[in-house]
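Heads up: the structure comes next, in structure tokens.
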């Protein structure tokens, strides 16, 4: 779950252990969170000794969309959870030799 964009939250300090408890993060992958940003780590092992190292992954997360229903004349806020999915193809560049 990613939080809504909040400009003031950019400067808030959040302990990483508190963040992990709030969002049920797996510490093997999630490095840090701040506002609506997420840092994660993945290990990639090349299958070939030469050429570019490429990998693909699917990142799926839930986003809580909060919109105020002022258009319809209501003062209540409307909240819905939207699942977003991104397919990423990443080229890390050529394999480096261990010389």
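In this note's numbering, the protein residues as written are 309 to 407. Just so you know, even glycine gets a beta-carbon here, dropped at the ideal spot from N, CA and C.
- In the DSSP secondary-structure assignment, residue 345 is bridged to 342.
- For residue 398 against residue 363, the beta-carbon gap comes to about 6 Å, under 8 Å, which counts as contact.
- Per DSSP, reduced to three states, the secondary structure at residue 353 is coil, with no helix or strand assignment.
- By the CB criterion at 7 Å, residue 371 and residue 390 fall inside the cutoff.
- DSSP lists no bridge partner for residue 335.
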